[in-house]
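> For the sequence shown, the residue numbers in our numbering are 1407 to 1679. Ideal placement from N, C-alpha and C gives every residue a C-beta, glycine not left out.
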Amino acid sequence: MPTQPAPLVPLSTVLIDGDVTVSRDNTTAIFEAKELSLIERDSFSDLLREWCDARRATRANTQTFTADDQKSFFEKVFYLWISDDYMVAMPTLQEKKIQETSVPVAYFIENLPVTPSKRKRGQTFQTNPRRMARAPAYMSVKFEAGALGNDFKLYWKDEGGLAVSSEFVRFKEGVTKAQAVEAAIVNWDKCERARVEKFNTELIIALARMRFVRFAREGTARPPYSPQELRVNNRTIKCNLISDEFEEHYNIMKAVHEGLKGRKIGRPNHMII
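Next comes the structure, spelled out in structure tokens:
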């Protein structure tokens, strides 16, 4: 029989003996989640839900959460951290590296022309090894918004990220254009998913730690309060995957192909008079 999933229960009931504290003085350091009061623990339900949504690729249901979700969430919050560490840094979204956006599926058939800035300085031949013959050429694919919808485009760059014209590029032996496009889409989507999940998770954990700092400072004498700046407030980023848009592009190309087949204007119908 298939393994039964963990039961889905409200946050306030995901508790066992010793999981909460009755009271806590102000300015008392918090080392783990069980040092929270019940109402303090319940106040993290919004962040717990956001955290579960940020990991939706590994979870089948994002509408509710389990005891295991809550346990993993608080373990992540307190990993190498306690509430006395009040300097909590917010995450920053790093620029993508070329290996995260492109794949080296081709090479340059000759040395690339020198850039205009180098020509102005009197340089007339290529000295950058990344732009010489046989150096790897990196391909990326992208949907660009146009007046009539998204256009599917291919881009070429050298290993340093500088743009290159396709006229200087040839696919590696054994690599077809279809295989190259597929590899580029898979690479982009995998890196984008990991990048978004990392940022969103770090954002939510940082907000949770800031709340712990606040709760530790104020104690349990008054009900816990989380100001707006300690809520997510649409600061998570959306995961934009190329594969999500490719189905529509494929259907358009398929419809065009079917239409052309009925026109009888292709090579089998050429006639010399």
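1. In this structure, does DSSP put Phe1652 in helix, strand or coil?
2. Should the stretch 1642–1653 be called in touch with the stretch 1598–1612, which here means at least 3 C-beta pairs below 8 Å?
3. Identify the continuous alpha helix (DSSP H) that holds Arg1601 and give its terminal residues.
4. On the DSSP letters alone, give me the boundaries of the beta strand (DSSP E) that Glu1550 sits inside.
5. Would you mind working out which of Ala1495, Pro1519, Leu1454 and Leu1560 sits nearest Glu1481, comparing C-alpha positions?
6. Going by CA-CA distance only, name the one from Ser1571, Arg1525, Asn1517 and Phe1471 that's closest to Met1538.
7. With burial defined as no fewer than 16 other Cβ atoms inside 10 Å of the residue's Cβ, what is the status of Thr1433: buried or exposed?
8. How would you label Gln1500, buried or exposed, when you count the other beta carbons within 10 angstroms and need 16 or more for buried?
9. With DSSP as the reference, label Lys1559 as helix, strand or coil.
10. Hey, quick one: how far does the alpha helix (DSSP H) through Ala1539 stretch, first residue to last?
11. Return the Cβ separation of Val1547 and Leu1568 in integer angstroms, given the expectation that the two are a contact with Cβ distance under 8 Å.
12. If we count the other Cβ atoms within 10 Å of its Cβ and call it buried at 16 or more, is Phe1531 buried or exposed?
13. Give the secondary structure of Val1428 by DSSP, where H, G and I count as helix, E and B as strand, and everything else as coil.
14. Measuring from the CB of Met1496, is there a heavy atom of the ligand MG at a distance below 7 Å?
15. Check whether the Cβ atoms of Phe1577 and Ala1590 lie closer than 8 Å to each other.
16. Near Val1662, what residues of its chain come up, given a Cβ to Cβ distance below 8 Å and the 5 sequence neighbours on each side ignored?
17. Enumerate in chain order the residues of its own chain whose CB-to-CB distance from Arg1540 is below 8 Å, with the five nearest sequence positions on each side excluded.
18. Which term fits Thr1626, buried or exposed, when burial requires 16 or more other beta carbons within 10 angstroms of its beta carbon?
19. Leaving aside the five residues before and after Asp1490 along the sequence, list all residues of the same chain whose C-beta is less than 6 Å from its C-beta, in chain order.
20. Cutting at 7 Å between CB atoms, please list the residues of its own chain near Tyr1492, excluding the five before and the five after it.
21. Are the beta-carbon atoms belonging to Met1545 and Ser1571 less than 8 Å from one another?
22. Would you call Val1386 buried or exposed, if buried means 16 or more other Cβ atoms sit within 10 Å of its Cβ?
23. Where do the N-terminal and C-terminal ends of the alpha helix (DSSP H) with Ala1460 fall, by residue?
24. Determine the closest residue to Val1494 out of Leu1613, Glu1651, Pro1633 and Glu1664, with distance taken between C-alpha atoms.
Answer, in terms of the structure:
1. Residue numbering aside, residue 1652 sits at position 246 when the sequence shown is read from its first letter. Helix.
2. yes
3. Residue numbering aside, residue 1601 sits at position 195 when the sequence shown is read from its first letter. Arg1601 -> alpha helix (DSSP H) spans Lys1583 to Glu1624.
4. On the sequence shown, position 144 is the one that residue 1550 refers to. Here the beta strand (DSSP E) through Glu1550 covers Pro1542 to Gly1552.
5. Translated into the one-based positions of the sequence shown, residue 1481 becomes position 75. Out of Ala1495, Pro1519, Leu1454 and Leu1560, Leu1454 has the C-alpha closest to the C-alpha of Glu1481.
6. Reading the sequence shown from its first residue, position 132 is the one you call residue 1538. It is Asn1517 whose Cα lies nearest to the Cα of Met1538.
7. For the purposes of this step, residue 1433 is identified with residue 27 of the sequence shown, where counting begins at 1. The residue is exposed, with fewer than 16 neighbouring Cβ atoms inside 10 Å.
8. As a working note, residue 1500 is residue 94 in the sequence shown. Exposed.
9. Counting from 1 along the sequence shown, the entry for residue 1559 is found at position 153. Three-state result, Lys1559: strand.
10. If you number the sequence shown from 1, residue 1539 lands on position 133. Looking at the DSSP string, Ala1539 is not in any alpha helix (DSSP H), and its letter there is neither H nor E.
11. The residue given as residue 1547 occupies position 141 in the sequence shown. The residue given as residue 1568 occupies position 162 in the sequence shown. The Cβ separation is near 18 Å, so there is no contact.
12. For the purposes of this step, residue 1531 is taken as the residue at position 125 of the sequence shown. Exposed, because fewer than 16 other Cβ atoms sit within 10 Å of the Cβ of Phe1531.
13. On the sequence shown, position 22 is the one that residue 1428 refers to. Here Val1428 sits in coil by DSSP.
14. The ligand MG is absent from the structure shown, which contains no ligand whatsoever.
15. Locating residue 1577 in the sequence shown gives position 171, counting from the first residue. Locating residue 1590 in the sequence shown gives position 184, counting from the first residue. No. Outside cutoff.
16. Indexing the sequence shown from 1 puts residue 1662 at position 256. Closer than 8 Å at Cβ, skipping near neighbours: no residue.
17. Here residue 1540 is taken as the residue at index 134 of the sequence shown, counted from 1. Same-chain partners within the cutoff: Tyr1513 and Phe1514.
18. For the purposes of this step, residue 1626 is taken as the residue at position 220 of the sequence shown. Under this definition Thr1626 is a buried residue.
19. Numbered from 1 along the sequence shown, position 84 holds the residue referred to as residue 1490. Cβ within range, chain order: Ala1435.
20. For the purposes of this step, residue 1492 is taken as residue 86 along the sequence shown, with counting starting at 1. Excluding sequence neighbours, Tyr1492 sits near Val1619.
21. Mapped onto the sequence shown, residue 1545 falls at position 139. Mapped onto the sequence shown, residue 1571 falls at position 165. Contact flag unset, no.
22. Here the chain covers residues 1407 to 1679 and nothing more, so residue 1386 does not appear.
23. As a first step, residue 1460 is located in the sequence shown; it is residue number 54 there, counting from the start. Boundaries of the alpha helix (DSSP H) harbouring Ala1460: Ser1451 to Ala1460, taken from the DSSP string.
24. Position 88 of the sequence shown holds residue 1494. The shortest C-alpha separation from Val1494 is found at Leu1613.
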